[in-house]
Amino acid sequence: MKKRKILLALIFTLTLILGACSTKNDEQVDESVDLETQEMMDDVTQGDGTGTGDFKLLTESVNPDENQLTFEATGIDENQVTFVYVANQLILSEKLKNGEPYNLDITNIAEAHSTDYSPKIQFVQFEDNEEGNTPTLFRQLRYEVK
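Residue numbers for the sequence shown, in the working numbering: 910 to 1055.
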């Protein structure tokens, strides 16, 4: 009985340690987005996206000395606020115009220059122009860090 308790305690401790290691990056990402918004974005990102319109990265790759990403929207609803996330951190929320280039400053975004994966930019519009409501548009693009 005593051996069984020790074994269960050891398994529980190892599970906690390994779980903490595997979720460390998830916790860093989730710090910038509230839980409800993150869950909604996780649901949306499982598919190919939702809504109409597209986004094109005019800056397809950056290096650690570059802190600007440029994109352009086509076919989106210009009357809706578009929320733009880089490496899961909200950096822009405004009504965008189709065909107009926008520059994003990624200076203070810790994961924006990550080289162990391709960071992404996410574009989201919500039905009530407020972050966290039902999404009416979702697109994501990845860029390369060199």
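Glycine is no exception: its CB is placed at the ideal position from the N, C-alpha and C atoms.
Counting only the same chain and skipping the five closest in sequence on each side, list residues whose C-beta sits under 8 Å from that of residue i.
| i | result |
| --- | --- |
| P1010 | L967, T979, F980, E981 |
Is the separation between the beta-carbon of residue i and that of residue j shorter than 7 Å?
| i | j | result |
| --- | --- | --- |
| N976 | D1014 | yes |
| L1001 | V990 | no |
| S1027 | R1051 | yes |
| G1060 | T1045 | In the structure displayed, the chain extends from 910 to 1055; residue 1060 sits before or after that span and is not available. |
What number of angstroms, rounded off, separates the C-alpha of residue i from the C-alpha of residue j?
| i | j | result |
| --- | --- | --- |
| N1007 | N988 | 11 Å |
| K965 | E1040 | 22 Å |
| F1035 | D986 | 11 Å |
| A996 | T1016 | 12 Å |
| E1003 | D963 | 16 Å |
| D1025 | I1018 | 15 Å |
Can you list, in chain order, the residues of its chain with a C-beta nearer than 7 Å to that of residue i? Leave out the 5 residues immediately preceding and following it.
| i | result |
| --- | --- |
| P973 | H1022 |
Can you tell me the Cβ-Cβ gap for residue i and residue j, rounded? I've got them flagged as a contact below 8 Å.
| i | j | result |
| --- | --- | --- |
| E1053 | E969 | 7 Å |
Below 6 Å CB to CB, which residues in the same chain sit around residue i once its five sequence neighbours on both sides are set aside?
| i | result |
| --- | --- |
| N1012 | Q977, T979 |
| L1005 | A982, T991 |
| K1055 | S970, N972 |
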